[in-house]
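According to the working numbering, numbering within the sequence shown proceeds without interruption in unit steps and concludes at 1570.
Every residue gets a Cβ at the ideal spot worked out from N, C-alpha and C, and that includes glycine.
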Amino acid sequence: MRIKMPDSETGIHLDFVPMVDTLFNLLIFFLLATTIKQAEREMQIALPHAAAATPISIAMREFVINVDEQGRIFLVGRQVTGEELDKLVRDAVAANPEQKVTVRGDRNTAYSNVVTVLDICKNAGIQEPYLDTVLER
1434 MRIKMPDSET GIHLDFVPMV DTLFNLLIFF LLATTIKQAE REMQIALPHA
1484 AAATPISIAM REFVINVDEQ GRIFLVGRQV TGEELDKLVR DAVAANPEQK
1534 VTVRGDRNTA YSNVVTVLDI CKNAGIQEPY LDTVLER
């Protein structure tokens, strides 16, 4: 004689707990990963517009130098003088000859302030400092 199983036990049971755990871990990972390397780019710099701007990939050891509207120079979120910047860039080039530097100058600063930073970078041994802009829309 066949014994009939109740309907509640014959259906397929899916366990969603492992999937929810995995999605939660992925969410935490992406939230943390997107905020770790943003210290240099968090300054409120009004970048100039360019017609042919392209995104620059951020290298692991890239320096991002910000020049604000008053002409002050910031590296890794702290204000530095031209002499300090020169020493820091020279030390970085000595450790890594392929050192990448991005200069982000506020669109309202005197261009001479940006040129000063670019000159410091070139004199310290940076072959091609990048000048960051935003794409004009």
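Beta-bridge annotation (DSSP): Q1512 is paired with F1507. Residue environment analysis places T1455 among the exposed positions, since fewer than 16 neighbouring C-beta atoms fall within 10 angstroms of its C-beta. For C1554, the CB contacts under 8 angstroms within the same chain, skipping 5 residues up- and downstream, are I1498, V1522, V1534, V1536, P1562 in chain order. Just so you know, the alpha carbons of G1515 and F1462 end up roughly 38 angstroms apart. Between A1525 and F1507, the alpha-carbon positions lie close to 16 angstroms from each other.
Comparing alpha carbon positions, the residue from D1539, Q1532, R1505, L1465 closest to G1558 is Q1532.
Here the alpha carbon of E1495 sits roughly 11 angstroms from the alpha carbon of V1509. In the three-state reduction of the DSSP assignment, F1449 falls in the coil class, being assigned neither a helical nor a strand state. Taking each of N1546, G1538, A1484 in turn and checking the Cα distance to Q1477, the smallest one comes out for G1538. Taking all protein chains in view, the Cβ of V1450 is surrounded by fewer than 16 other Cβ atoms within 10 Å, so the residue is classified as exposed. Just so you know, the alpha carbons of A1543 and G1504 end up roughly 7 angstroms apart.
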